[in-house]
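This report concerns only the one structure given below.
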Amino acid sequence: MAGEQDILARLEALNISFDKVQHGPVMTCDAQDKKNRLFLVTALAETPISLNLLSFRLGTGKGGLRLAPAEDVVEFLGVQPGSLTPLALSAPSAGGIAFLLDAGVQAAPKIILHPLVNTASLTLTPLDLEVFLR
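As structure tokens, this is what we get:
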């Protein structure tokens, strides 16, 4: 399982510049449908997210989306619940997770993400995130 230092080292190896800030724990969440498909949604803090509308658009059926069990978050993304981040998609076990990125994130000059822990945040560009995830 990768850790914060692994993420920082990979960012540096890819020549991705970032700013890091330590802070108190900040929670995040992920979603799962009744068929146990996992979705990681990343949006701007001010973007309203309707799980009902998102469920409809994803075609997840009447059960809709719900929070994924903590053990699935750890197993597939290698992070504790509340520490979710698109950076966790670099885990080898994350291949079956559908990643949804809000258009507002892509248009933002800078984005802020957890580096696999919810007690720190990294600021980088959306293009840098794309490079990291390739």
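Under the working numbering, the first residue of the sequence shown is numbered 12, with each subsequent residue one higher.
For each residue, glycine too, the CB sits at the ideal point set by N, CA and C.
- Between Pro92 and the set Ile60, Leu64, Ala56 and Pro36, the nearest pair of CA atoms involves Pro36.
- Here DSSP, grouped into helix, strand and coil, assigns Phe50 to strand.
- In the displayed model, Gln91 falls within coil according to three-state DSSP, outside both helix and strand.
- A distance below 6 Å between beta-carbons, with the five flanking residues on each side excluded, links Ala102 to the following residues of its chain, in chain order: Leu88 and Gly89.
- Thr96 is classed as buried because its beta carbon has at least 16 other beta carbons within 10 Å across all chains shown.
- Ala99 carries a helical assignment under DSSP once its states are collapsed to helix, strand and coil.
- Distance check between Pro120 and each of Ile108, Pro126, Thr130 and Thr134 places Thr134 closest, using alpha-carbon atoms only.
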